[in-house]
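For the sequence shown, position 89 (counting from the first letter as 1) is numbered 88 according to numbering that gives the first Met the number 0, and the numbering increases by one without interruption.
One structure is given here, and the rest of the page talks about it.
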Amino acid sequence: MTNSRSPDSAASGAAAGGKHEPPGPTPGVPWLVDAGLVLTTALVTRAGPRTAFVRVFPRQATAEVRSVGEGAGFVLEQPLPQSDWLVLTATGERTDALADARIGALADALIRSGLRAFAYTGAGPDGSTGTLPARCCRGLRRLGHERLEAEDGTVFMEVSLHDPLFGTDLGPPSAQTVVYGAGEDLALLQEGAAERFVIEPVLELGGVAALQIEHAEVAAGLTSLEELVAELDTALGDCGLQGPIHIVDRRTEPPGA
0 MTNSRSPDSA
10 ASGAAAGGKH
20 EPPGPTPGVP
30 WLVDAGLVLT
40 TALVTRAGPR
50 TAFVRVFPRQ
60 ATAEVRSVGE
70 GAGFVLEQPL
80 PQSDWLVLTA
90 TGERTDALAD
100 ARIGALADAL
110 IRSGLRAFAY
120 TGAGPDGSTG
130 TLPARCCRGL
140 RRLGHERLEA
150 EDGTVFMEVS
160 LHDPLFGTDL
170 GPPSAQTVVY
180 GAGEDLALLQ
190 EGAAERFVIE
200 PVLELGGVAA
210 LQIEHAEVAA
220 GLTSLEELVA
230 ELDTALGDCG
240 LQGPIHIVDR
250 RTEPPGA
């Protein structure tokens, strides 16, 4: 269970760095990989009209995911050396947008190659960065035809920071967490962490596609970001789950901008 800074929706340009801090590498867990306790898993989420982010767990498998994806005909770039994320871009001179079907097809290709992958659309802000209506993950849904069963307990947590709900722009950010993964693992976390968080499931046919958690305690200044990440990490461990916790800064003017 690790955490790192991640690219945000504004970071979908050529360098995928945008105006915010790029992610740091996720600490490695090689012995867990060797023991078969961590399986190579990728999370594909839309970043912009022509791009999607591909986050990889564990970090050491990033090159493998890129190789498999490119072998299946997808254009994947690694903007930063040793990072645990890639950028999927639209291809073709007449292609104006990266279709949802293409994002799902990448996840399907990785799964058919023997890796694990999850793909989603509607995960980021809806057209802007700061206000409450824009940040509520409207239309969040799973993509692709392949459906994975729970196996090694890997889920991806994405903590998004947004403009303050209370006070001035210098006040605490509002925060929302989205959890991605296999439906069985998500249901396990929803039940096991119900006393810690108010969790809203995103349902799909036959189960749970994702989980959303609003952190009013962060917006009210009662819990720091560091405390929140530690609490999320503990919740994962208590449920027998694992995976990275990415922090995405979607504030209109983040500190230091």
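Note that the Cβ used here is the ideal one computed from N, Cα and C, for glycine as well.
### Query
The alpha helix (DSSP H) with Arg45 in it runs from where to where?
Note, Arg45: premise wrong, no alpha helix (DSSP H); beta strand (DSSP E) at Thr40 to Gly47.
### Task
Locate the alpha helix (DSSP H) running through Gln189, then write down its first and last residues.
Judged by DSSP secondary structure, Gln189 falls within the alpha helix (DSSP H) whose first and last residues are Gly182 to Gly191.
### Task
Could you work out which residue in Asp151, His161 and Ile198 is closest to Gly180 when comparing CA atoms only?
Just measuring C-alpha positions, the residue of Asp151, His161 and Ile198 sitting nearest Gly180 is Asp151.
### Supposed close pair Ile102, Val43 - CB separation, criterion 8 Å
Indeed, because the Cβ distance is near 5 Å, the residues count as touching under 8 Å.
### Query
By a C-beta neighbour count over all protein chains shown, 10 Å radius and 16 as the cutoff for buried, is Thr306 buried or exposed?
With the chain covering 0 to 256 only, the question about residue 306 has no answer from this structure.
### Task
Assign Gly27 to one of three DSSP states: helix, strand, or coil.
Residue confidence is low: Gly27 scores 40 on pLDDT, short of 50, so the model does not pin down where it sits. Its coordinate-derived value is still stated next. Here Gly27 sits in coil by DSSP.
### Message
My assumption, with CB atoms under 8 Å, is that Leu87 sits in contact with Ala122. Please give the rounded CB distance.
### Response
Actually they are not in contact, since the Cβ atoms of Leu87 and Ala122 sit about 14 Å apart, beyond 8 Å.
### Query
When DSSP labels each residue in this structure, what does Gln241 get in the three-state scheme?
Secondary structure at Gln241: strand, using DSSP grouped into helix, strand and coil.
### Task
Could you check what DSSP says for Val158 in three-state terms: helix, strand or coil?
Here Val158 sits in strand by DSSP.
### Message
Does Gly236 come out as helix, strand or coil in the three-state DSSP assignment?
### Response
Three-state DSSP puts Gly236 in a helix.
### Neighbourhood of Val207 by C-beta, 6 Å cutoff - its chain only, sequence neighbours within 5 removed
Here Val207 has Gly182, Leu185, Ala186 and Pro200 as same chain residues with Cβ atoms under 6 Å from its own Cβ, once five neighbours each way along the sequence are excluded.
### Query
Quick one: what's got a C-beta closer than 7 Å to Glu63's C-beta in the same chain, skipping five residues either side?
These residues qualify, in order along the chain: Thr39.
### Message
Assuming contact is defined by CB atoms lying nearer than 9 Å, are Ala265 and Arg115 in contact in what I supplied?
### Response
Because the chain here runs from 0 to 256, residue 265 falls outside it and cannot be looked at.
### Task
Can you tell me which of the three DSSP states Ser66 falls into?
Of the three classes helix, strand and coil, the one that applies to Ser66 here is helix, per DSSP.
### Task
For Leu85, I'd like the list of residues in its chain whose CB is within less than 6 Å of its CB, leaving aside the five on either flank, ordered along the chain.
Answer for Leu85: Val53, Arg65, Leu75 and Gln77, listed in chain order.
### Message
Once DSSP output is grouped into helix, strand and coil, what is the label at Gly103?
### Response
Three-state DSSP puts Gly103 in a helix.
#### Entry: Length of the line joining the Cα atoms of Arg146 and Glu157
So the alpha carbons of these two residues sit roughly 21 Å apart.
### Task
Taking Leu160 and Arg250 to be in contact with their CB atoms under 8 Å, please state how far apart those CB atoms are, rounded to whole angstroms.
For a cut-off of 8 Å, the C-beta gap from Leu160 to Arg250 is around 6 Å, short enough to register as a contact.
#### Entry: Option nearest Thr61 by Cα separation, candidates Gly72, Arg49 and Ser82
Sorting Gly72, Arg49 and Ser82 by C-alpha distance to the C-alpha of Thr61 places Ser82 at the top.
### Task
Could you tell me whether the Cβ atoms of Arg45 and Asp99 are closer together than 9 Å?
In this structure, Asp99 lies closer than 9 Å to Arg45 by Cβ.
### Task
For Arg111, count neighbouring C-beta atoms within 10 Å of its own C-beta (all shown protein chains included) and say buried if the count is 16 or more, exposed if not.
Burial call: exposed.
### Message
Measuring only from the beta carbon, is Asp99 closer than 8 Å to any heavy atom that is part of the ligand ZN?
### Response
As far as ligands go, the structure on display features none, and thus does not contain the ligand ZN.
### Task
Tell whether a beta-carbon distance below 9 Å holds between Thr222 and Glu213.
Cβ atoms of Thr222 and Glu213: not closer than 9 Å.
### Task
Per DSSP, which residues does Ala174 bridge with? Please list them.
Per DSSP, Leu160.
### Query
So the alpha helix (DSSP H) Ala215 belongs to, where does it begin and stop?
Here the alpha helix (DSSP H) through Ala215 covers Ala215 to Ala218.
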